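Novice: Here you go, one structure.
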Amino acid sequence: MLIVHNAGQILTLAGGSQRGHSLGNLGIVENGAVVIQSGQVLAVGKSDSLLAAYPAAERYDAGGRVVMPGFVDPHTHLVWAGDRADEFSLRQQGKPYMEILAMGGGILSTVRATRAASVAQLVTETRPRALAAFNHGTTTMEVKTGYGLTLESEINQLRAIVALDQEGPLELIPTFMGAHAVPPEYQDQPDEYVDLLCQEMLPGIYAWWQSEAPHLPLPFVDVFCERGAFDLAQSRRILEAARDLGFPLKIHADEFENLGGAALAAALGAVSADHLVKTSPKDIKALANSETVAVSLPGTPFGLNEAEFTPAKALIEADALLALATDINPGTSWCESMQFILALACRKMGLSPQQAIAAATINAAAALKLQNRVGSIEPGKQADLLILNVNDFRHLGYRFGTNLVSHVIKRGKLFPVG
Ligand code: NIG
Ligand code: FE
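Using my numbering, the letters of the sequence shown map in sequence onto residues 222 to 639.
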């Protein structure tokens, strides 16, 4: 048993996910303590009374600093091979991201590198990114495939995700994204690739999962719904086929243009709709009237040096569920740090630090259907905690570019950072 005591502020985020107007309720306990047993939170309360109630527990003195739930990063493309530094130069010269993809670069350049890599190489290249994210306070992360675009190569990405999850300490939640781009072999017959996805790849992933990981929940299925990737009708076909097999759904919608992906997500009961830069007032309403979590990825417009970000204030006003994620990937947003994402969300989307913290913890957990296990510090929940280097939670959002995490606790185990 471990007691983390003498925390100036414990941000409990207790009480479940937070819709629009209630976003930012941190549930702060001052002079607090958390008691941890068998990897779970046993009790949260005032330091004095918990030290008296659990005298035999091993003690960790938080020294008056902030203790909060580990960040949940609900949208990443963490597993890839190679890099795209050359494309960064092209983009600096004014070449648009989707034009580079249309030329066979972009996502397709990472597909070539990833197809050529073994599972062991993928694990080796991805591990430092997973560790960097963990050291910056992410304790649970979703990871998409989508750089293979053949059943075999997509399964290799899933194998790398499962292997890194088992290795720990970062917990990884897989998503199958065979619909990330139309592969070069199908460049002129995109509908045939959609047929392949629906008739062979999705059932193949389902069968592979049942035989290799029957004890784990099915991965999510995600589609890049955008001109130059999959149109609305194709996205619907893929998501409906996935839903019929029992996969939970996600979508990349409205990153560059509004094709109606966010409304489709709401209509299909998707767990989340992500990006949401060009989302219309009507689609914001559709999201707000659904259980679909709106996941904003401010690292992406920042990474592409674009002016527009998710209309977060309108989503909050409409009472939608808003979450934040890094979208870490080699093209648009190579950023392991949720802390930097919070700083961007405060400046570019007008969130308060309180709102950004809730969007990056309990609401981010809801974007993975994990809000009952992670994302807050409450009895019975997994003991995934951060001890920050600061005494005031507002330093998150306010500061950027240095790591404010002192220690990460994952499933009750304490990891010093740096
Ligand atoms: O979320 N937009 C599609 N997918 C990623 C980018 C992937 C890449 O460029 O490699 C995104 O921004
Ligand atoms: Fe993405």
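The beta-carbon is built from N, C-alpha and C at its ideal position, and this holds for glycine as well. Keep in mind the model is a prediction, meaning the values are calculated, not measured.
What first and last residue would you give for the alpha helix (DSSP H) that runs through residue 427?
Specialist: Taking the first residue of the sequence shown as position 1, residue 427 is located at position 206. 423–433 is the span of the alpha helix (DSSP H), which, as asked, contains residue 427.
Novice: If you count every other CB in all the chains shown that lies within 10 Å of the CB of residue 519, and 16 or more means buried, which is it?
Specialist: The residue given as residue 519 occupies position 298 in the sequence shown. The residue is buried, with at least 16 neighbouring Cβ atoms inside 10 Å.
Novice: Since residue 605 and residue 631 should fall inside the 8 Å C-beta cutoff, what is the C-beta to C-beta distance between them, to a whole number of angstroms?
Specialist: Sequence index remark: in the sequence shown, residue 605 carries index 384 (1-based). Sequence index remark: in the sequence shown, residue 631 carries index 410 (1-based). Contact holds; Cβ gap of about 6 Å.
Novice: Can you list, in chain order, the residues of its chain with a C-beta nearer than 7 Å to that of residue 458? Leave out the 5 residues immediately preceding and following it.
Specialist: Within the sequence shown, numbered from 1, the residue matching residue 458 stands at position 237. The residues are 415, 419.
Novice: Is there at least one Cβ from chain D nearer than 9 Å to residue 482's Cβ?
Specialist: Included in the structure is just one protein chain, with no chain D present.
Novice: Tell me whether residue 366 counts as near the ligand FE, meaning its Cβ is closer than 8 Å to at least one heavy atom of that ligand.
Specialist: For the purposes of this step, residue 366 is identified with residue 145 of the sequence shown, where counting begins at 1. No, the beta carbon of residue 366 sits no closer than 8 Å to any heavy atom of the ligand FE.
Novice: To which residues does DSSP link residue 445 through a beta bridge?
Specialist: What you label residue 445 is simply residue 224 of the sequence shown in a count that begins at 1. In the DSSP output, where bridge partners are listed per residue, residue 445 has 473.
Novice: Report buried or exposed for residue 436, applying the criterion of at least 16 other Cβ atoms within 10 angstroms of its Cβ.
Specialist: Mapped onto the sequence shown, residue 436 falls at position 215. Result: exposed.
Novice: May I ask you to list the residues that DSSP assigns as paired with residue 537?
Specialist: Locating residue 537 in the sequence shown gives position 316, counting from the first residue. According to DSSP, which records beta bridges pairwise, residue 537 is partnered with nothing at all.
Novice: Provide the residue(s) that pair with residue 495 in DSSP beta bridges, ordered along the chain.
Specialist: On the sequence shown, residue 495 is found 274 positions in, with the first residue counted as 1. Its beta-bridge partners are 473, 516.
Novice: Rounded to whole angstroms, how far is the Cβ of residue 591 from the Cβ of residue 361, which I believe are closer than 8 Å?
Specialist: Stepping through the sequence shown from its first residue, residue 591 is reached at position 370. Stepping through the sequence shown from its first residue, residue 361 is reached at position 140. Correct: roughly 7 Å between the Cβ atoms.
Novice: Please return the same chain residues whose Cβ sits closer than 7 Å to the Cβ of residue 358, not counting the five positions on each side in sequence.
Specialist: Along the sequence shown, read from residue 1 onward, the residue named residue 358 stands at position 137. Within the same chain, residue 358 has close Cβ partners 291, 292, 559, 560, 607, 626, 629.
Novice: Note the first and the last residue of the continuous beta strand (DSSP E) segment covering residue 258.
Specialist: The count along the sequence shown starts at 1 and reaches residue 258 at position 37. Here the beta strand (DSSP E) through residue 258 covers 249–258.
Novice: Once the 5 residues before and after residue 551 are set aside, which same chain residues still bring their CB inside 6 Å of it?
Specialist: Within the sequence shown, residue 551 is the residue found at index 330, counting from 1. So the qualifying residues of the chain are 301, 304, 305, 331.
Novice: Is residue 359 near the ligand FE - that is, is its Cβ less than 8 Å away from at least one heavy atom of it?
Specialist: The residue given as residue 359 occupies position 138 in the sequence shown. Incorrect: residue 359 has no Cβ contact closer than 8 Å to the ligand FE.
Novice: For residue 327, verify whether its CB is less than 8 Å away from any heavy atom of the ligand NIG.
Specialist: Counting from one through the sequence shown, the residue named residue 327 turns up at place 106. Indeed, a heavy atom of the ligand NIG lies less than 8 Å from the Cβ.
Novice: Among the residues of its own chain, which have a CB less than 6 Å from the CB of residue 368, if the five just before and after it don't count?
Specialist: Here residue 368 corresponds to residue number 147 of the sequence shown, with the count starting at 1. Here the set comprises 301, 331, 332, 335.
Novice: Which one of 495, 485, 461, 532 has the shortest CA to CA distance from residue 502?
Specialist: Working through the sequence shown from its first residue, we reach residue 502 at position 281. Here the closest residue by C-alpha is 532.
Novice: Could you give the distance in angstroms between the alpha-carbon of residue 321 and the alpha-carbon of residue 348?
Specialist: Taking the sequence shown and counting its residues from 1, the one referred to as residue 321 is at position 100. Taking the sequence shown and counting its residues from 1, the one referred to as residue 348 is at position 127. When rounded, the distance between both Cα atoms is 28 Å.
Novice: Any heavy atom of the ligand FE within a distance shorter than 8 Å of the CB on residue 298?
Specialist: Position 77 of the sequence shown, counting from 1, holds the residue named residue 298. Result yes, Cβ under 8 Å from the ligand FE.
Novice: How far does the beta strand (DSSP E) with residue 451 in it extend, from its first residue to its last?
Specialist: Against the sequence shown, residue 451 aligns to sequence position 230. Segment: none, residue 451 is in no beta strand (DSSP E) and carries neither H nor E.
Novice: What separation, rounded to the nearest whole angstrom, lies between the Cα atoms of residue 491 and residue 539?
Specialist: Residue mapping note: residue 491 aligns to position 270 of the sequence shown, counting from 1. Residue mapping note: residue 539 aligns to position 318 of the sequence shown, counting from 1. Those two C-alpha atoms are separated by around 18 Å.
Novice: To the nearest angstrom, how far is it from the Cα of residue 365 to the Cα of residue 431?
Specialist: Stepping through the sequence shown from its first residue, residue 365 is reached at position 144. Stepping through the sequence shown from its first residue, residue 431 is reached at position 210. Taking the straight line joining both Cα atoms gives about 18 Å.
Novice: Please tell me whether, using a cut-off of 8 Å, the distance from the CB of residue 565 to the nearest non-hydrogen atom of the ligand FE is below it.
Specialist: As a working note, residue 565 is residue 344 in the sequence shown. Checking the Cβ of residue 565 against the ligand FE gives no.
Novice: Go through its chain and collect everything with a Cβ distance to residue 289's Cβ below 6 Å, but skip five positions before and after it.
Specialist: Working through the sequence shown from its first residue, we reach residue 289 at position 68. Closer than 6 Å at the Cβ level, and outside the excluded window around residue 289, lie 232, 607.
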